[in-house]
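Residue numbers (our numbering): 4 to 153. Just so you know, even glycine gets a beta-carbon here, dropped at the ideal spot from N, CA and C.
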DNA sequence: TAGGCCATCTGGTCCT
DNA sequence: AGGACCAGATGGCCTA
């Protein structure tokens, strides 16, 4: 039999081992030991259940992440590792898009301002029209996102 | 059948 | 003290 390693039983003094004296005065015999084992087993089962719930929560979070991350081919669901890698790549791509868009807007404003004041005859001021990917080099460059290979 | 992925159990550690 | 978190072990399922 294993020694009384655990000190969580109220009847046991810390550090006592099987066969030594309990607080109640009884010896730590089969009954005491079996109660302790029972408590240990109960706590283990409770811990297992908590761990299961925790992992289920984690998996739910992974499923939610899979839904918002690009999936290359719908046939096979991304593994957890792939999901994290894809999320990382996706966030970086979106960050790049934002940065480029801001820079693009700044350039556009500056050009419009420059035209209004200095070169009106040669300018084609920005009208807010959408540009297609075929004619807009920025759009082509920004949406060429590919997942990292690993 | 080997390898990848996953769920679960378990013991240890940290935190409240 | 008890719960959360973590990492290692193990076994099942699936696919190439």
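CA-to-CA, the gap between residue 71 and residue 39 works out to about 48 Å. Residue environment for residue 95: exposed (fewer than 16 other C-beta atoms within 10 angstroms of its C-beta). Secondary structure at residue 79: coil, using DSSP grouped into helix, strand and coil.
The C-beta of residue 61 has fewer than 16 other C-beta atoms within 10 Å across all chains shown, which makes the residue exposed. Around the C-beta of residue 81, 16 or more other C-beta atoms lie within 10 Å, and the residue is accordingly described as buried. In the three-state reduction of the DSSP assignment, residue 71 falls in the helix class, which pools H, G and I.
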